[in-house]
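Trainee:
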Amino acid sequence: KGVQLSITEFYRSA
Amino acid sequence: MFELRLVQGSLLKKVLEAIKDLVNDANFDCSATGFSLQAMDPSHVALVALLLRPDGFEHYRCDRNISMGMNLNNMSKILKCGGNDDIITIRADDGSDTVTFMFESPNGSANFEMNLMDIDSEHHGIDESKCCAVVRMPSSEFQRICKVLSSIGDTVVISVTNEGVQFSTRGDIGTANIVCRQNINVDKPEESTVIEMSQPVSSQFPLRYMNSFTKATPLSNTVTISLTSELLLAVEYTIAEMGYIRFYLAPKIED
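Protein chains in written order, with the numbering used here: chain A, 161 to 174; chain B, 1452 to 1706.
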């Protein structure tokens, strides 16, 4: 069903 | 010294009701820009940004930038001690480890002093320019959609296309799809649904957070939902010409 990113992970991957 | 006086004190109560279940502790930053906050929920999946501009207050004095760490549940408890129509004054002296809330009504006044806390916080600069779809719709409609979908599933897929914005979920009992098409109501703009899109975009988010964001519904008749090309969701409620409360939510991605 997918993995929930955290805001910190989101900015790291963006 | 920092001091603000808000004639419509109920606004601050509504702000706290909107964020206190999402965020436990937060630093309120007081500066010439206004009374602001940026904080994450304990899981760091959602981020809240609040701004109340100085011109929205009857009185706003900020001699130097200060950051006041508060437990939002405790702050909410204190705000509930004041009446709905009370004028609220918040005051903190430089270097003090307490903040004072004063409630005034035609019948009298009351003072409460709350202990401040030291809170480590992480600030994020949000790049709004990467926005690729923006939907403005009645906030009550958005609240209804989130509530309805969470009775079926845990996760909502938000898809914005030329056809409109689609909210879908799936659960043990079946699936749900709700589509909102662009609908401009000239006489009642607050009832319009307006969609601006530079490219179709689709992403999935936990409904638990979406429902939490809709606690800000009493602050505004409309809500603006934005998705960036990198799939960060922003849900914004404007606060009576004095500012905004924005919720940002990181997406669920495929394994």
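For each residue, glycine too, the CB sits at the ideal point set by N, CA and C. What you are looking at is a predicted structure, and each value in this text was computed from that prediction instead of being measured.
By the 9 Å beta-carbon criterion, what residues does the region 1676 to 1699 of chain B contribute toward chain A?
Mentor: Result list: Thr-1679, Glu-1681, Leu-1682, Leu-1683, Tyr-1699.
Trainee: Report all residues from its chain with a CB closer than 6 Å to the CB of Ser-1610 of chain B; omit the five preceding and five following residues, and keep chain order.
Mentor: Only Gln-1617, Ser-1653 meet the Cβ criterion.
Trainee: Under a CB-based cut-off of 7 Å, is Lys-1703 of chain B close to chain E?
Mentor: In the structure shown, chain E does not exist; the protein chains are A and B.
Trainee: Between Ile-167 of chain A and Met-1491 of chain B, is the Cβ-Cβ spacing less than 7 Å?
Mentor: Yes. Within cutoff.
Trainee: Taking only beta-carbon atoms, is Met-1491 of chain B less than 7 Å away from chain A?
Mentor: With 7 Å as the cut-off, Met-1491 of chain B counts as an interface residue toward chain A.
Trainee: What are the boundary residues of the alpha helix (DSSP H) that Phe-1664 of chain B is part of?
Mentor: First-last of the alpha helix (DSSP H) with Phe-1664 of chain B: 1658 to 1664.
Trainee: Quick one: which chain A residues come within Cβ less than 8 Å of Asp-1706 of chain B?
Mentor: Those are Gly-162, Val-163, listed as they occur along chain A.
Trainee: For Val-163 of chain A and Ser-1560 of chain B, what's the separation of their Cα atoms in angstroms?
Mentor: For Val-163 of chain A and Ser-1560 of chain B, the distance between alpha carbons rounds to 51 Å.
Trainee: Can you give me the Cβ contacts of Asp-1578 of chain B inside the same chain, cut-off strictly under 8 Å, excluding the 5 residues immediately before and after it?
Mentor: Counting only Cβ-Cβ distances below 8 Å, and skipping sequence neighbours, we find Thr-1679.
Trainee: Strictly below 9 Å CB to CB, what residues from chain A border Leu-1498 of chain B?
Mentor: Simply Ile-167.
Trainee: Flag His-1574 of chain B as yes if its beta-carbon sits less than 7 Å from any beta-carbon of chain A, otherwise no.
Mentor: No, His-1574 of chain B does not count as interfacial toward chain A.
Trainee: Look at the alpha carbon of Thr-1612 of chain B and the alpha carbon of Glu-1647 of chain B, and state the distance between them as a whole number of angstroms.
Mentor: Roughly 10 Å between the two C-alpha positions.
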